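Q: Just so you know, the protein sequences line up as chains V and R, in that order.
Here our numbering is used: the first residue of the first sequence is 1, the next is one more, and so on.
Here our numbering is used: the first residue of the second sequence is 242, the next is one more, and so on.
2 protein chains.
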Amino acid sequence: MIDCAACPLQKRSMFLPFTPEEIVFMRAFKHGEATFQPGETLLSQGERSDRLFTVLEGFATRSIQLEDGRRQVVNFVFPGDFLGLQAGIMGEMRHSVQATTPMRVCVFQRSRLWDLFRDKPDRAYDLTWIAAVEEHFLGETIATLGQRDATERVAWALARIWQRLSALGLGTSDGVHLPFRQHELADALGLSTVHTSRTVSILRGMGLLVWKRGRLNMLDPERMFTLAGLPMEREERRPLI
Amino acid sequence: MIDCAACPLQKRSMFLPFTPEEIVFMRAFKHGEATFQPGETLLSQGERSDRLFTVLEGFATRSIQLEDGRRQVVNFVFPGDFLGLQAGIMGEMRHSVQATTPMRVCVFQRSRLWDLFRDKPDRAYDLTWIAAVEEHFLGETIATLGQRDATERVAWALARIWQRLSALGLGTSDGVHLPFRQHELADALGLSTVHTSRTVSILRGMGLLVWKRGRLNMLDPERMFTLAGLPMEREERRPLI
DNA sequence: CGCCCGCATTAACCTGTGTTATGTTTGCAG
DNA sequence: CTGCAAACATAACACAGGTTAATGCGGGCG
Chain V
1 MIDCAACPLQ KRSMFLPFTP EEIVFMRAFK HGEATFQPGE TLLSQGERSD
51 RLFTVLEGFA TRSIQLEDGR RQVVNFVFPG DFLGLQAGIM GEMRHSVQAT
101 TPMRVCVFQR SRLWDLFRDK PDRAYDLTWI AAVEEHFLGE TIATLGQRDA
151 TERVAWALAR IWQRLSALGL GTSDGVHLPF RQHELADALG LSTVHTSRTV
201 SILRGMGLLV WKRGRLNMLD PERMFTLAGL PMEREERRPL I
Chain R
242 MIDCAACPLQ KRSMFLPFTP EEIVFMRAFK HGEATFQPGE TLLSQGERSD
292 RLFTVLEGFA TRSIQLEDGR RQVVNFVFPG DFLGLQAGIM GEMRHSVQAT
342 TPMRVCVFQR SRLWDLFRDK PDRAYDLTWI AAVEEHFLGE TIATLGQRDA
392 TERVAWALAR IWQRLSALGL GTSDGVHLPF RQHELADALG LSTVHTSRTV
442 SILRGMGLLV WKRGRLNMLD PERMFTLAGL PMEREERRPL I
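#1: How is Q313/R classed by DSSP in three states: helix, strand or coil?
#2: Of all Cβ atoms in chain V, is any one closer than 8 Å to the Cβ of H336/R?
#3: Which residues of the stretch 105-126 of chain V have a Cβ closer than 8 Å to any Cβ of chain R? Give them in chain order.
#4: Take the Cβ of Q327/R as the centre, count every other Cβ of all protein chains shown within 10 Å, and call the residue buried at 16 or more, exposed below.
#5: Quick check: what's the CA-CA separation for E236/V versus V133/V?
#6: Closer than 9 Å, Cβ to Cβ, to anything on chain V: give me those residues from the stretch 281-299 of chain R, in chain order.
#7: So, with DSSP's three-state summary, where would you put I305/R?
#8: Pairs of beta-carbons, one from the stretch 289-302 of chain R and one from the stretch 311-327 of chain R, closer than 8 Å: are there three or more?
#9: Could you tell me the distance, in whole angstroms, from the CA atom of G329/R to the CA atom of G448/R?
#10: For P320/R, count neighbouring Cβ atoms within 10 angstroms of its own Cβ and tell me buried if that reaches 16, exposed if not.
#11: Could you tell me which residues DSSP pairs with Q283/V in its beta bridges?
#12: Per DSSP, what kind of secondary structure is G287/R in: helix, strand or coil?
#13: Name the residue from E274/R, V395/R, V265/R and A391/R whose alpha carbon lies nearest to the alpha carbon of M344/R.
#14: Confirm, please, whether the CB-CB distance from G412/R to L406/R is below 8 Å.
#15: Taking 7 Å as the limit between beta carbons, can you name the residues of its chain near V176/V, skipping five residues before and five after?
#16: Three or more C-beta pairs closer than 8 Å, one from the stretch 351-367 of chain R and one from the stretch 65-75 of chain V: is that the case here?
#17: Could you spell out the range, first to last residue, of the beta strand (DSSP E) harbouring M459/R?
#18: Please name the residue or residues paired with E477/R in a DSSP beta bridge.
#19: Have a look at Y125/V and R160/V and give me their C-alpha separation to the nearest angstrom.
#20: Taking its Cβ as the centre, do 16 or more other Cβ atoms sit within 10 Å of T41/V, making it buried, or is it exposed?
#21: By DSSP's criteria, L209/V is part of a beta bridge. Which residues make up the other side?
#22: Taking only beta carbons into account, state which residues of the stretch 432-450 of chain R come closer than 9 Å to chain V, listed in chain order.
#23: Would you please verify whether the beta carbon of E184/V is less than 8 Å from any beta carbon of chain R?
#24: Kindly give me the distance between the Cβ atoms of I64/V and G380/R, rounded to whole angstroms, as I take these residues to be in contact under 8 Å.
#25: Ends of the beta strand (DSSP E) at T392/R?
#26: Taking the CB atoms as reference points, tell me whether R292/R and V348/R lie closer together than 8 Å.
#27: Our contact map puts W452/R next to V441/R with C-beta atoms below 8 Å; I'd like the distance itself, whole angstroms only.
#28: Are the beta-carbon atoms of E152/V and G229/V separated by less than 8 Å?
#29: Who are the neighbours of Q86/V on chain R, taking C-beta pairs under 8 Å?
#30: Can you name the residues that DSSP bridges to V346/R?
#31: Measure the Cβ-Cβ separation of E47/V and M93/V and say whether it is below 8 Å.
#32: Just how far apart, CA to CA, sit K252/R and F259/R?
#33: Determine whether the Cβ of A143/V lies closer than 8 Å to any Cβ atom of chain R.
#34: Could you give the DSSP three-state label for L256/R: helix, strand or coil?
#35: Take the Cβ of Q278/R as the centre, count every other Cβ of all protein chains shown within 10 Å, and call the residue buried at 16 or more, exposed below.
#36: To the nearest whole angstrom, what separates the beta carbons of A396/R and L444/R, a pair I think is in contact under 8 Å?
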């Protein structure tokens with residue numbers, strides 16, 4: 001098991017480093033590690049999980065299953081993301097989290113969440129910070145689904161994913177490894193797979209990107225971000241739990 | 242200024258009552274009150290507000306303005322809702338909050354938010370609880386915008402609003418007072434006003450509801466909730482800040 | 001090597017929702 | 001009461017995106 005002082009996420013510049021005290025606390029707070037294979041479910045809708053996770057490696061989707069089987073991908077999960085707050089706080093997950101690649105995660109116990117609030121207000125504050133950022137991001141998603149057309153939506157999603165993967169240092173001049181399929185992108189954007197494919201072709205035709213066999217290359221990030229309605233600024237560094 | 246011990250929201254059964262200690266703390270934490278007229282902006286996108294609010298009376302919308310002027314209503318604001326967490330935690334609002342009716346709100350200072358985490362972990366926990374519930378609700382909205390057609394969307398929104406107003410005790414056998422216009426409903430659901438009107442007519446034609454002159458009456462809540470993909474259960478009681 | 005299978009692509013056709021336009025009702029000011 | 005503006009309703013037409021189906025293609029495996 002990796003020691004929190006040697007946490008591989010800490011090396012990534014997109015995360016705030018732990019203070020020495022935080023390392024001491026996190027070491028005690030961390031309960032273990034777990035791995036998941038593609039397709040496996042980390043947390044499932046309706047479940048009262050007593051485990052919370054921080055993703056160390058790998059990718060996943062958060063998705064909501066409707067009564068009749070339709071599926072909405074609420075967002076994509078990347079290394080550094082904290083999972084299970086809903087079950088941790090509200091008691092029950094309202095969405096599922098499914099691995100799309102092999103994953104390695106830190107495991108925490110739900111029963112100890114309260115300790116964090118009682119003993120480590122700065123860590124509790126960070127947790128709420130994470131929840132607030134998530135809330136902002138979901139709001140942006142709502143605006144995208146409600147107001148933007150297919151081209152803008154696809155541009156938005158790919159720009160956001162590319163931005164996040166780049167911030168994680170997972171990009172090269174050859175682009176980034178994109179771990180999601182068009183089908184998942186479609187489910188995230190409320191589009192059919194067919195129309196998603198059409199739309200990606202259009203963006204390719206516009207000379208904005210190349211996406212082939214799991215590799216995404218941005219040929220013109222600036223036009224892409226403009227089309228997506230996003231600013232090009234670097235995102236703020238975020239805390240880790 | 243109303244004393245927290247006499248807080249009118251406390252009488253509503255949908256909220257958890259304050260403990261005596263909480264009343265003492267909230268009295269000190271509360272900084273004042275404010276009122277807003279319809280159309281006034283409580284918090285605006287991009288602003289670094291140093292004030293946080295709890296709604297005592299009245300209704301509002303949270304909305305995101307796109308670069309080109311399109312507007313997405315992210316959700317509706319009701320008495321008991323806490324406003325400004327984004328600016329409070331992240332530093333900057335990513336959406337605006339606009340009054341649709343006259344409002345009265347409690348005011349808190351952003352600079353004292355940290356005191357709450359340091360001195361009152363149970364209040365901090367409640368705050369995070371609120372953020373988690375909000376997050377769940379936004380996820381449900383994403384699923385609705387991404388997967389459901391116009392009829393289901395309108396049914397969902399009206400059912401949710403009706404449910405919330407009823408829980409607040411604002412309903413009679415004659416229905417509830419619905420403070421939002423079709424235009425706002427359309428902006429919340431990503432529909433045109435014309436199609437929203439058509440769709441409400443369809444629901445009326447199906448004998449599910451009557452909505453006239455700001456009054457909404459549910460004629461068949463069960464069918465309505467089924468159509469909306471919602472369970473009929475009563476929501477859990479929520480904490481107040 | 002060749003077969004199969006999952007994924008992406010492309011095409012033809014259909015439908016739900018947007019757009020534009022006109023009319024109706026309601027509430028309010030004078 | 002009259003006039004006016006805002007909200008809502010209805011109709012006709014246009015188009016983005018869904019659906020269905022057929023085709024291509026790269027990768028793993030016998």
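Heads up, the beta-carbon is just placed ideally off N, CA and C, and yes, glycines get one too.
Keep in mind it's a predicted model, so treat the numbers as computed, not measured.
A: Put simply:
#1: Position 72 of the second sequence holds residue 313/R. Looking at Q313/R - three-state DSSP - the assignment turns out to be strand.
#2: Sequence index remark: in the second sequence, residue 336/R carries index 95 (1-based). For H336/R, the answer is yes, since a Cβ of chain V falls inside 8 Å of its Cβ.
#3: W114, F117, R118, P121, D122, A124 and Y125
#4: As a first step, residue 327/R is located in the second sequence; it is residue number 86 there, counting from the start. When all chains shown are included, Q327/R counts as buried.
#5: Translated into the one-based positions of the first sequence, residue 236/V becomes position 236. Translated into the one-based positions of the first sequence, residue 133/V becomes position 133. Answer to the nearest angstrom: the Cα atoms are 10 Å apart.
#6: none
#7: For the purposes of this step, residue 305/R is taken as residue 64 along the second sequence, with counting starting at 1. It is a strand residue.
#8: yes
#9: The residue labelled residue 329/R in the question sits at position 88 within the second sequence. The residue labelled residue 448/R in the question sits at position 207 within the second sequence. Each residue's Cα considered, the two are about 45 Å apart.
#10: The residue given as residue 320/R occupies position 79 in the second sequence. Label assigned to P320/R: buried.
#11: Only positions 1 to 241 of chain V appear in the structure, and residue 283/V is not among them; the question remains open.
#12: Working through the second sequence from its first residue, we reach residue 287/R at position 46. Coil at G287/R, not helix or strand.
#13: Counting from 1 along the second sequence, the entry for residue 344/R is found at position 103. When only C-alpha atoms are compared, the closest one is E274/R.
#14: On the second sequence, position 165 is the one that residue 406/R refers to. On the second sequence, position 171 is the one that residue 412/R refers to. In this structure, G412/R lies closer than 8 Å to L406/R by Cβ.
#15: As a working mapping, residue 176/V is identified with position 176 in the first sequence. The answer, listed in chain order, is W162, L165, S166, L170 and L216.
#16: no
#17: To locate residue 459/R, count along the second sequence from 1; it is residue 218. Looking at the DSSP string, the run of the beta strand (DSSP E) that includes M459/R is R456 to M459.
#18: Start at 1 with the first residue of the second sequence, and residue 477/R comes out as number 236. In the DSSP output, where bridge partners are listed per residue, E477/R has none listed.
#19: Counting from 1 along the first sequence, the entry for residue 125/V is found at position 125. Counting from 1 along the first sequence, the entry for residue 160/V is found at position 160. Each residue's alpha carbon lies about 25 Å from the other.
#20: As a position in the first sequence, residue 41/V is number 41, starting the count at 1. Under this definition T41/V is an exposed residue.
#21: In the first sequence, counting from the first residue as 1, residue 209/V sits at position 209. DSSP, once it has assigned bridges, lists M218/V as partnering L209/V.
#22: L432
#23: By one-based count along the first sequence, residue 184/V stands at place 184. For E184/V, the answer is no, since every Cβ of chain R falls outside 8 Å of its Cβ.
#24: Against the first sequence, residue 64/V aligns to sequence position 64. Against the second sequence, residue 380/R aligns to sequence position 139. Between G380/R and I64/V the Cβ distance is about 6 Å, and since that is below 8 Å, they are a contact.
#25: What you label residue 392/R is simply residue 151 of the second sequence in a count that begins at 1. Element bounds for T392/R: not the beta strand (DSSP E) but the alpha helix (DSSP H), A391 to A408.
#26: Numbered from 1 along the second sequence, position 51 holds the residue referred to as residue 292/R. Numbered from 1 along the second sequence, position 107 holds the residue referred to as residue 348/R. In contact: R292/R and V348/R (Cβ atoms closer than 8 Å).
#27: Residue mapping note: residue 452/R aligns to position 211 of the second sequence, counting from 1. Residue mapping note: residue 441/R aligns to position 200 of the second sequence, counting from 1. Contact flag correct, Cβ pair sits at about 6 Å.
#28: The count along the first sequence starts at 1 and reaches residue 152/V at position 152. The count along the first sequence starts at 1 and reaches residue 229/V at position 229. Contact: yes.
#29: The residue you call residue 86/V lines up with position 86 of the first sequence. Residues of chain R passing the Cβ test: A373, E376 and H377.
#30: In the second sequence, residue 346/R corresponds to position 105, counting from 1. According to DSSP, V346/R bridges with A275/R and V296/R.
#31: Within the first sequence, numbered from 1, the residue matching residue 47/V stands at position 47. Within the first sequence, numbered from 1, the residue matching residue 93/V stands at position 93. Yes, Cβ-Cβ distance for E47/V and M93/V is below 8 Å.
#32: Taking the second sequence and counting its residues from 1, one reaches residue 252/R at position 11. Taking the second sequence and counting its residues from 1, one reaches residue 259/R at position 18. Rounded to whole angstroms, K252/R to F259/R spans 11 Å at the Cα level.
#33: The count along the first sequence starts at 1 and reaches residue 143/V at position 143. At least one chain R Cβ lies under 8 Å of A143/V.
#34: On the second sequence, position 15 is the one that residue 256/R refers to. Going by the sequence as given, residue 256/R is Phe instead of Leu. Reduced to three states, the DSSP call for F256/R is strand.
#35: Counted from its first residue, the second sequence places residue 278/R at position 37. Looking at its Cβ environment, which holds fewer than 16 other Cβ atoms inside 10 Å, Q278/R is exposed.
#36: Counting from 1 along the second sequence, the entry for residue 396/R is found at position 155. Counting from 1 along the second sequence, the entry for residue 444/R is found at position 203. With a Cβ gap of about 6 Å, A396/R and L444/R count as contacting.
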